[in-house]
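Residues in the sequence shown are numbered from 17 upward in steps of one, following our numbering. Built from N, CA and C at the ideal position, the CB exists for glycine as well. Since the model is a prediction, treat every value here as computed from it, not as a measurement. First comes the structure, then the notes that go with it.
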Amino acid sequence: MNPNALFSTLTMTKIPEAYAVLRGGSKYPSIIGTVNFYQHRSGIGIIVEASLQHLPPATAPTFLGFHIHENGNCSDNFNHTDMHYNPQNAEHPHHLGDLIPIFNSDGSAYVAFYDSYLSISDIMGRSVILHEKADDFTTQPSGNSGDKIGCGVIMAVN
Ligand SMILES: [Cu+2]
Ligand SMILES: [Zn+2]
17 MNPNALFSTL
27 TMTKIPEAYA
37 VLRGGSKYPS
47 IIGTVNFYQH
57 RSGIGIIVEA
67 SLQHLPPATA
77 PTFLGFHIHE
87 NGNCSDNFNH
97 TDMHYNPQNA
107 EHPHHLGDLI
117 PIFNSDGSAY
127 VAFYDSYLSI
137 SDIMGRSVIL
147 HEKADDFTTQ
157 PSGNSGDKIG
167 CGVIMAVN
């Protein structure tokens, strides 16, 4: 079935397989949000749904880099998350951990998207990271998206 046909009903009616509670670091400690990960019913890919609050103040549309990093360790102000998840040894922005940006709408954001390249088992135990700047989708190895300002460890639901 077409991903579109299942998109909204999935996030409204299904319990996600995995989730991360994303929290701010020393620069923006009040950032808080939830990222849910749903296995797509086709069996291929996942739906990622992120809801974030208390983002840095913005008076115009602002984009924040958003990635899955290798290590699920948010300690020490997120200094141990390692690089973008990249099992295929590709160049940025073709890492499997490269996600669409977060759109900061006056301090909060909601995004949901289909990613056919990831599975729940790929991402379990890794970290989801929010950056202070937009990912330029060009600069190697990580898109020049600035400091890590939020982090959450991806965990199984239940
Ligand atoms: Cu990142
Ligand atoms: Zn990348």
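Report the rounded CA-to-CA distance for residue i versus residue j, giving the unit in angstroms.
i           : j           : result
residue 33  : residue 62  : 10 Å
residue 88  : residue 113 : 13 Å
residue 136 : residue 55  : 6 Å
residue 103 : residue 121 : 33 Å
residue 92  : residue 67  : 24 Å
residue 142 : residue 169 : 6 Å
Looking only at its own chain, which residues have a Cβ that is under 8 Å from the Cβ of residue i, when we skip the five neighbours before and after it?
i           : result
residue 179 : Any question about residue 179 goes unanswered here, given that the chain covers just 17 to 174.
residue 43  : 148, 163 and 165
residue 140 : 34, 170, 171 and 172
residue 123 : 69, 70, 71, 72, 73 and 74
Where does residue i fall in DSSP's three states?
i           : result
residue 93  : helix
residue 27  : helix
residue 121 : strand
residue 170 : coil
residue 137 : helix
residue 162 : coil
residue 55  : strand
residue 41  : coil
Which residue from the options puts its Cα closest to that of residue i?
i           : options              : result
residue 151 : 57, 79 and 131       : 79
residue 24  : 47, 60, 64 and 41    : 64
residue 60  : 134, 145, 39 and 171 : 134
residue 41  : 158, 94 and 35       : 94
Starting from the C-beta of residue i, find all residues in its chain whose C-beta is less than 7 Å away, skip the five residues before and the five after it, and write them out in chain order.
i           : result
residue 156 : 107 and 108
residue 31  : 173
Would you please verify whether the beta carbon of residue i is less than 8 Å from any beta carbon of chain B?
i           : result
residue 166 : Protein chains in the displayed structure number just one, and chain B is not present.
Which residues, in chain order, sit with a beta-carbon under 5 Å away from any heavy atom of ligand 1? 83 and 145
Ligand 2: which residues have Cβ under 5 Å from any of its heavy atoms, chain order? 100, 108, 111 and 114
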